[in-house]
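The sequence shown finishes on residue 830 if you use my numbering, and the numbering steps up by one all the way, no holes. Contents: one structure, followed by commentary.
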Amino acid sequence: MTENEKNEKECPEGYIRQGCTCVLPEVTFTTLIMSLNTSALFHLGEMQDPETGQTGNDLVLAKHTISTLQLLKDKTKGNLIDKEEELLGHVLADLKMRYVKASG
């Protein structure tokens, strides 16, 4: 193992090494959308908690997260770059289909 690999492994999960410090990745609109997507997928039972290995199944929280993403889409209309708008649209469409499947 190289010294660089050893230093990277010392950071807690989700953190990255920046110089000699472990920091969270940069906050961007894309990372916000992906974070909410991950949360919704967990609540839909589609992902395991990395620490416990358990899956969630809370349709109320899944719907709340999907509604939050819809609110972001509505409130940011005309203010996003094309890539952000496409990502948000795809994430919402996917989550809505998964929600219907999970609740049916």
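We put the CB at the ideal spot given by N, CA and C, even for glycine.
{"Query": "Classification of histidine 769 by the beta-carbon crowding that lies within 10 angstroms, buried from 16 upward", "Result": "buried"}
{"Query": "Complete runs of the alpha helix (DSSP H) confined to the segment 727-783 [at least 4 residues]", "Result": "729-735 and 755-769"}
{"Query": "Burial state of asparagine 733, where buried means 16 or more other Cβ atoms lie within 10 Å", "Result": "Low local confidence applies: a pLDDT of 47 at asparagine 733 is under 50, so the model's placement there is unreliable, and no value is given."}
{"Query": "Check: lysine 809 C-beta below 7 Å from any heavy atom of the ligand ATP", "Result": "This structure lacks the ligand ATP; in fact it carries no ligand of any kind."}
{"Query": "DSSP state of threonine 791 mapped onto helix, strand, coil", "Result": "helix"}
{"Query": "Top-ranked residue by Cα proximity to glutamate 812, from Arg824, Thr778, Gly782 and Phe755", "Result": "Phe755"}
{"Query": "Where leucine 806 falls: helix, strand or coil (DSSP)", "Result": "coil"}
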